[in-house]
Amino acid sequence: MIYSSYFQRVTEGVEYLLALGSVLGLLGFVLGLIGFILGGSRVRGKMLFVMIASFVLMMVCGGYDRGLHYFRIY
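The structure is reproduced here in structure tokens:
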């Protein structure tokens, strides 16, 4: 009984972290895209790195829709 409660809380915590990573990855990708389009030549390289890192974060965390559904954004 005690172990079941403990593992349930751990599972909920992991689910929350995956959803948070998904939302942060989506936000980073959008901001990186805006910075890539509107930024100068020095900023474009940094924004490309931000977009790639955000894309990897979204793929590790299960795609962009996990966080949107978890936090009921739409």
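Oh and the sequence shown: position 68 is 1290 in this note's numbering, straight run, nothing missing.
Built from N, CA and C at the ideal position, the CB exists for glycine as well.
Inset, instruction - Enumerate in chain order the residues of its own chain whose CB-to-CB distance from Leu1290 is below 8 Å, with the five nearest sequence positions on each side excluded. - result: What you label residue 1290 is simply residue 68 of the sequence shown in a count that begins at 1. Result list for Leu1290: Ser1244, Val1245, Leu1248, Tyr1296, in chain order.
Legend entry - CA nearest to the CA of Met1269, picked from Cys1283, Gly1254, Gly1262: In the sequence shown, counting from the first residue as 1, residue 1269 sits at position 47. Answer by Cα proximity: Gly1254.
Legend entry - When Cys1283, Gly1285, Leu1240, Phe1258 are compared against Phe1271, the one with the closest alpha-carbon: Stepping through the sequence shown from its first residue, residue 1271 is reached at position 49. The shortest C-alpha separation from Phe1271 is found at Phe1258.
Inset, instruction - Helix, strand or coil for Val1228, going by three-state DSSP, please let me know. - result: Looking up residue 1228 in the sequence shown gives position 6. First, the amino acid is wrong: residue 1228 is Tyr here, not Val. Three-state result, Tyr1228: helix.
Legend entry - Tyr1292 - DSSP class collapsed to helix/strand/coil: Residue mapping note: residue 1292 aligns to position 70 of the sequence shown, counting from 1. Tyr1292: helix per DSSP, three-state reduction.
Legend entry - Assumed close pair Ala1275, Gly1235 - CB separation to whole angstroms, cut-off 8 Å: Position 53 of the sequence shown, counted from the first residue, corresponds to residue 1275. Position 13 of the sequence shown, counted from the first residue, corresponds to residue 1235. About 23 Å separates the two Cβ atoms, so there is no contact after all.
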